[in-house]
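Taken in order, these protein sequences are the chains called A and B.
Start counting the first sequence at 1; every next residue gets the next number (my numbering).
Start counting the second sequence at 1149; every next residue gets the next number (my numbering).
A virtual CB, placed ideally from N, CA and C, is assigned to each residue, including glycine.
None of these values were measured; they are calculated from a predicted model.
Following: one structure in structure tokens, then a few remarks.
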Amino acid sequence: MKKNLSFQGRYPSLWLDLPILIFRAMRITVFLVLVCVVNLYATGYSQNVQLNLSLDNVKLSKVFEVIQAQTQYQFIYNDENVNKAPLVSLSVREATVPKVLELCFKNSSLTYRIVKDVVVVLPKENAPPRLNYTVPFLSPQFIVRGKVTNKDGDPLIGVSITAIRMRTGTTTDDHGNYTLALPSADDTLLFSIIGYKKQEVPIRGDSLINLAMQVSISSLNQLVVTGYEKELKKDLTGAVSIVDVNAIKNIPAGNPLKAMQGRVPGVYIQTDGFPMGGATVRIRGVGTLGNNDPLYVIDGIPTEDPLGIFNPSDIESIQVLKDASSATIYGSRAGNGVIIITTKHAKTGTHINVSSSLSLQRYNGRSTVLNTIQRGKVYWQAAINSGIDPNSTNIYQFDWADNNGKPVLNKVILPDFIDVDKTMKPANTDWWKEMTQTSVIQKTNVTLSNGGEKGSALLSLNYYNNKGIVKSTFQNKFNIRLNSDYSFFNKRLTVGENFAADYIKGSTVNPGDILFAAEVEEPIVPVHTVDGGWGGPASGMTDRQNPMRLIADNRQNKVNTVSIFGNVYANLEIIPHLTLRTSLGVDGGLLYQRLLQKSYVSGFLNDPSNQVNTTENNNINISWQNTLTYKLNVARNDFTFLLGQAELYSAYGNFWASRRGYALETIDYGYLDAGTTNKDNGGSGGGYSLLSYFGKVNYSLDSKYLASVTVRRDGSSRFGQGNRFGVFPAFSLGWRLSQENFIKKSLPVISDLKLRFGWGQTGNQSIADNATYTIYSAIYGTDPTWGYEQGSAYDITGAGSGQLPSGYTRLQQGNESLKWETTTESNWGIDFGFFQNKLSGSLDYFIKKTTDILIRPPKPAVEGQGASEWVNGASMENKGWEFLLSYEADISPDISFQATGNIATYRNKVVYLPDDVLSAYPGNGLDKTILGHPINSYFGYVTDGLFTSQNEIDNAATQVGEGLGRIRYEDLSNDGKIDIDDQDYIGVADPKFTYGLNLSLTYKNLDFSCFFQGVQGNDVYNGNKVYTDFASIWPGVNWGLRTLDAWSADNPKSTIPALTLIDNNNESRSSTYFVEKGSYFKLRNVEIGYDLSKALKVKRIQSARVYFQGNNIFRVKSKSFSGPDPETPNNGYPIPTVYTLGLNLSIY
Amino acid sequence: MKILIISSLIMACCLSSCVKLDRTPQGIIFSDQLNSPENIDKMVTAAYSALGNDNGFDSYTGLWALGDIRAGDAYKGGDGVGDQDYLNDFEVFQERPDNRTVGNVWVALYTAIGRVDDALARLDAVTEDKFPLKLERQAEMRFLRGHFYFLLKIYYNHIPWFDETVPVESRDSISNKSLSDDALWGKIADDFKFAADNLPGDQTDVGRPTKWAAKAYLAKTLLYEAYKQNDQYQVTSIDQSLLAQVVSLCDEVIQSTKYALSQDFAYNFLTEDENGPESIFAIQFSKDDGTPQGRLDWGHYLDYPMNPEYGCCAFHAPSQNLVNAFRTDKNGLPMFDEFNKVDVGLNDFKTYTFDPRLDHTVAIPGHPYKYEPYFVFQKSWDRSPQIYGYFLSMKETVAADDPSFQKTPPFMSSSKNQDILRYDDILLWKAEALIELGRQDEALPIINKIRTRTANSTGLLKQEDGSYTSNYKIGTYQPGVNCVWTQDFARKALRWERRLEFAMEGFRFFDLVRWGITPDYVNTYIAEESSKRQYLVGVHFQAGKFEYMPIPISQIDYSKGALIQNAGY
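Below, the structure is given as structure tokens:
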């Protein structure tokens, strides 16, 4: 029996009068009970409708269809019974429905009842008079019904719906509708269909239960957005990854990309804990020498903006197009892969979703530095080792003695004051502790949506506040989104919009400065002077700022950005299956910041002047895209044709202005007008345009043999007249072996098996807007604090001040022949599923070659200033594979379990570079060049431990600065001396592989998940060891605790070089001493949740899930890494441990 | 069907597109728009600008790192040897072809030459009708080009030379070995000759070179050229005719009477006296000029002490050897042979006698800083005394209350000009040429003139109580009385005079190389100084190598074989 009970069509109203009908099904046998019939012939419009029918020998069900099509009547019947009924012939004019039905059932074994507009068809023997009244049937009865869709709102057909308590059920029809009559509202419906997660919904007296079902990870019927169209996952032929948005939605990262880390094989994401920070996303490795960021397509609108502005709660789905065959449709800018994001739309009915969370975050591991006395001891030892009088320093004094040639330190003596002005008493400041805080993240999102037949709207409001763990760093974010659509002409025309506006306020402080200062500022420096001013470096110390002053003096400075992102679109179904879509998108932003730089005195560092600098940037991208799609089905052949055109106009402008001489140093006073001296300002602008045409054909034979061909022609204003357009073709093939009979029959264990191959090309135009032109610019003056002045002004009259004459300088040489950089990629893939897709996964192998890479190599100095030009001048190759495996099982009706693991790797190598630019990359430019090596290679000396005896020194190659306890470098060139020729490639920053593992378990209303992530085999250049391991390279800073364990005759096992104040051995040179293993394994995320809704039994609460989540709570790193966290080496902003308590409430 | 037609029309409309792929470049100007006389003059200004577009980390006109710390006059200074270790490489003679400063100085100087040639090419093309100043401006540009090539020559020795007529794109194929030493000096001299022939004797704009400046620089060029070097940079002969030209050129400048020694040596190092009678050509620095930080003397911005009035970074520290060299004997003459036998300690400045130029040059704890009796240099103003001792350099700095002083946190500098050509330098070139010509008797009054001026330059060297800061004693050379004025002795006296007169001004190393005495001189210095400065232990100056910097490795790569590395690297 195909269906138990069907309810065909829709109900016109929410409630039926009581009591009407009860259906009860028990396993295979179905019997239908009509309890009683009241008001059988209720008055209403439908009953008066008159029909003209002429039918000859048709099935009874056909009659029902005809009536349903012409009236509002709906039919409930049992297929089996109706199919057994005799064929019907009738011819009536202006007959009412009851009249027609009477004729139909005249000679039938069936009868019917009409309740309002519903016709229930019953066997005659089950008619009411013969019914046994039983207790359950005496309780109030009603009909529950609704619509089941996927999360995109598309109807799901054949969803099984079971009332758990009454053990009765039904399935959804072609429109996703169902209806179920029950004796009691005190029941729970279980919705299930293959490919989607089972879901239980308590009825609680509601007669309308609409449901959007969540796809289970292995679903083949999942709709995947692949570029101007949606495809079923089972029909995909490219390398497309689907992000499990559900798993990341509660992570309080603020930026959805940060939460995606490790979840998608082949997508390598690096980030840190800075609230204003973004994430570096690399799809399948570094593919080019310029911009390696992927293209983002949000609701169809391409953008290069990272998603820091985005509200994670608005995201419905994220897909990653990894290979060229799937990305080519986006042509330009898609060479680094595409991340497609679709935002939420209203589903049928009214919904309110509220999610709110509160997190506490704290640093997890810190740099370990010396305290005041320890630093004194280390200094003393270093001075002794260097033959320098320890008491010749300006700060510390030492009580020490020479005991028969062995110096002994009795006491470290601190001065009364560390400065001449006697304002700073010696302290024992723990700068790290001072500058960090346990801080709070608040997140609240409210989404209101209403979906109906002719239109829907969703409004989402979001607030996010992340106070960083480094004091004064923060991000405050407000997002508003309105997504709506309206349909006209019987849904042939849909007009809609997706629109988001964001306001972000954040700190402008550079956390790197603070973190570095906290590490190197000496502990003897007090935070404050005795009179409450700022402590700071005293003579003999490094010239780094007091980190607490940096924090306090920058607290008032904020950067404000407002951005808008969205589109309006129209879909017109011209004829069935032929759809025209046009979409006009806008992506724009404004940045405003006003920085007050205060005057200060902090030790020997001071600046008597103040300044306000105001900056405003604006950018706008307007895109217009038009596509025509035609779906054609000829016998077993399915075709989809897509023809499209897209264009983009991009422009930006900015200006800044500054003044000095402010009477008050408050941000409220600090406007430009209030400044009195040094008026200065600047500004610039630019832009580019893109124009593209594209076409695509998808073909499927029996859903078994799949093929797709794409061609895109892209034009960019950035290239010269003759080279503006590039053509980027692609094709892909798929073979669903599992659809073949030989597999179906002989290997039923295989539920899905697909082989894929794709080949394609994509383009890259990420160069300067003016790249083709030789340009000069009027540069009056630049800030030469950290590099040469580049200006052209000169005091030719010797006036000494005032406006100067100035000229022009060349910025760049033009290259008219610039053309598109092209990435060519081949992808081999296999998708599989076993045991009805309980175990499923995919394996992809790719070869990606990028040629004509756009670079602006340095030029010989003899060509003068601005000699460099953009050229198509390099090639690079990436090869790699990605593996994804999922397992999901319902262990019992109450327990379900899911595990998803992924592992990916790639190898990068530079294939070609012009000879004359090789020395701009790691290598010696001669016999050891980056060619054949990964672009992220380190180059330097190879260390061979320390010299531990005179014998070793004598037998080693000659090395300037050799000595006991000093680093021994290897004589790679075998010429008996250590020199520049003894360098080689000493490490690669790319991981050997990356992996992630997600586990989740659901038990009744309780759910648990955890996510592990790691990278393996990457080398980190830990330059920070200059400070943590050496007293000699930066004598004026604080050093690491590791210096306490430095090599000495008494500590011969140590690998840390002997203490010295003088680095004769040039130990800061790039060498393997600083290359450490960056592998790590982290427990990124643990979440435990409980759905209170069943316990609460509050009407209209669909779900009320409380959860507790922990992020980054556990870490394993390589022993060889000497810092706290290899993910944020070299004083990166620490990734905090975050604990979150949250609530997701869904009301309808 | 109707709707199909409509949508086809819509589609066709779409395909026609609204976006234009022709986007006009924003905010820039094209080369051919710069050929008007007005703009050509601006391109000339841009070339002048290159004189002072310096930076203290890789100074190309500040000279101190390349000229003093390689010559035994100064330590690098700062926060230990690791602080800007690429500069330390020069002090311990470890500079390599990939050294940062080696590369950046090359780029900065060819950038400057590029600006000059850009202006010159436009000047060549314009007619005198349209631009009456054409010839004069050409002469100014060639003066600047001579200056920049001169610096390249003394830094790197073998360099590619070209003028504005060589197309930009073919400049990278010019070898640094295509011109011999003499030919290269000849090219540099040609620019100065052209400048001397076409520049006016007076300039309204003090920043432009005069005819006399060009003659002075020509004299300097010929003096360098006169010392003929072999491949090991040993001086094999001294060209007498060139020396004679040096003498006559110096005489022309002297006889022009445009220039004179300042009354007090101090005036050469004070802002209020800049562009004074002694300054022949100087880089004009400025502040409050509309640039972000001022066009300051950026090449020296690391050289201020650590006291709160300044704050950073205590680079460029006079060596003990240099301080010892200021000691004078009972006649007020240098202690040529004995000077380094005893180290002058902080309490010895009243014990021994000193050349007054000491307190113009060296900041010493307990001594007034920059001639300000109330502004006394303290030990705490030093940064790493345990490594670099207690002395700092002072000529290039200004007092904290000087109007030209400018903080550019974390560094600081001033708009005080930097002299490129100074009258005392001209006098001593003449003296040097005369001595090498065997006319040392004519050199004697010149040297004594310098010494007399020095003797008269103690007025500003007083402490709060009005007493002299150190015990000054300087005498003139009086043959037969306190010396025997032979050529050898005169040469010794001249070289000593140059050392003290220009101490810490960055000329010393290039003098040593010109004279061909660097290896012995520097190795002797290291042998003695390394007993006081631990980091000098084991340092060795390799003759025939470190006289010149290596050609930057990156430039060799770009040149595809046109550039040949200097010997030894």
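- Here Y912 (chain A) is exposed, its C-beta having fewer than 16 other C-beta atoms within 10 Å.
- According to DSSP, T994 (chain A) shares a beta bridge with A:A904 and A:V1015.
- If you ignore the 5 residues before and after V243 (chain A), its C-beta comes within less than 8 Å of the C-beta of M260, R263, V264, S317, I318, Q319 and V320, all in its own chain and listed in chain order.
- Contact of N255 (chain A) with chain B is not assigned, every C-beta pair being separated by 8 Å or more.
- If you compare the alpha carbons of A:Y330, A:I251, A:N336 and A:G331 with that of T288 (chain A), the shortest gap goes to A:N336.
- Short of 8 Å from the beta carbon of R165 (chain A), and not among the five residues preceding or following it, lie these beta carbons of its own chain, in chain order: S184, D186, D187 and T188.
- According to the DSSP assignment, R1570 (chain B) belongs to the beta strand (DSSP E) that extends over Q1566 to R1570.
- Any Cβ of chain B closer than 8 Å to the Cβ of N619 (chain A) would place that residue at the interface, and such an atom is absent.
- Taken in chain order, the members of the stretch 1456-1477 of chain B whose beta-carbon sits within less than 8 Å of a beta-carbon on chain A are P1456, Y1458, G1459, C1460 and C1461.
- Interface residue (Cβ-Cβ distance to chain B less than 8 Å): F731 (chain A) is not classified as such.
- About 42 Å separates the CB atoms of Q959 (chain A) and E869 (chain A); that is not less than 8 Å, and the two are not in contact.
- Taken through DSSP and simplified to helix, strand or coil, T1072 (chain A) comes out as coil.
- Using a Cβ distance threshold of 8 Å, V1253 (chain B) and D1206 (chain B) count as a contacting pair.
- DSSP, reduced to helix, strand and coil, places H1295 (chain B) within a helical segment of the structure shown.
- Unbroken beta strand (DSSP E) stretches of 3 residues or longer found wholly inside the stretch 1443-1506 of chain B: 1463-1466, given in chain order.
- Cβ-Cβ distances below 6 Å link S108 (chain A) to A85 in the same chain, with the five nearest sequence neighbours on each side left out; the list follows chain order.
- In this structure, the CA atom of E573 (chain A) is about 30 Å from the CA atom of Y196 (chain A).
- By the rule that beta-carbons nearer than 8 Å mark a contact, D795 (chain A) touches chain B.
- Contact check between the stretch 1660-1670 of chain B and the stretch 1449-1460 of chain B: fewer than three CB pairs, one atom from each, fall below 8 Å, which does not count as touching.
- Assignment of beta strand (DSSP E) within the stretch 779-859 of chain A, counting only whole runs of 3 or more residues, yields 809-812, 821-834 and 839-851 in chain order.
- Identification of residues in the stretch 840-859 of chain A having a C-beta nearer than 8 Å to some C-beta of chain B yields P858 and K859, given in sequence order.
- Within the model, the alpha-carbon separation for K1099 (chain A) versus L295 (chain A) is close to 44 Å.
- With a beta-carbon spacing of about 6 Å, V286 (chain A) and I935 (chain A) fall inside the 8 Å limit used to define contacts.
- DSSP places F1433 (chain B) outside both helix and strand once states are collapsed to three, so it counts as coil.
- In the structure shown, H175 (chain A) adopts coil according to DSSP, grouped into three states.
- DSSP places L1397 (chain B) inside the alpha helix (DSSP H), whose first and last residues are Q1388 to Q1403.
- Secondary structure at L1592 (chain B): helix, using DSSP grouped into helix, strand and coil.
- At a cut-off of 8 Å between beta carbons, K1555 (chain B) contacts chain A.
- In this structure, the straight-line span from the alpha carbon of G695 (chain A) to that of G227 (chain A) is close to 11 Å.
- Positions of the beta strand (DSSP E) runs, each at least 3 residues long and wholly inside the stretch 1185-1259 of chain B, are given as 1222-1225 in order along the chain.
- By the Cβ test, the stretch 825-833 of chain A is in contact with the stretch 753-763 of chain A, since at least three Cβ pairs between them sit closer than 8 Å.
- Neighbours of L156 (chain A) across chain B, judged by C-beta separation under 8 Å, do not exist; the nearest C-beta is about 31 Å away.
- Y1449 (chain B) is a Cβ neighbour of M1560 (chain B), given a cutoff of 8 Å.
- In the three-state DSSP reduction, L1585 (chain B) falls in the coil class, being neither helix nor strand.
- Per the Cβ contact rule, the stretch 1582-1592 of chain B is not in contact with the stretch 1402-1416 of chain B (fewer than 3 Cβ pairs under 8 Å).
- Identification of residues in the stretch 1309-1321 of chain B having a C-beta nearer than 8 Å to some C-beta of chain A yields F1310, V1316, E1317, R1319 and D1320, given in sequence order.
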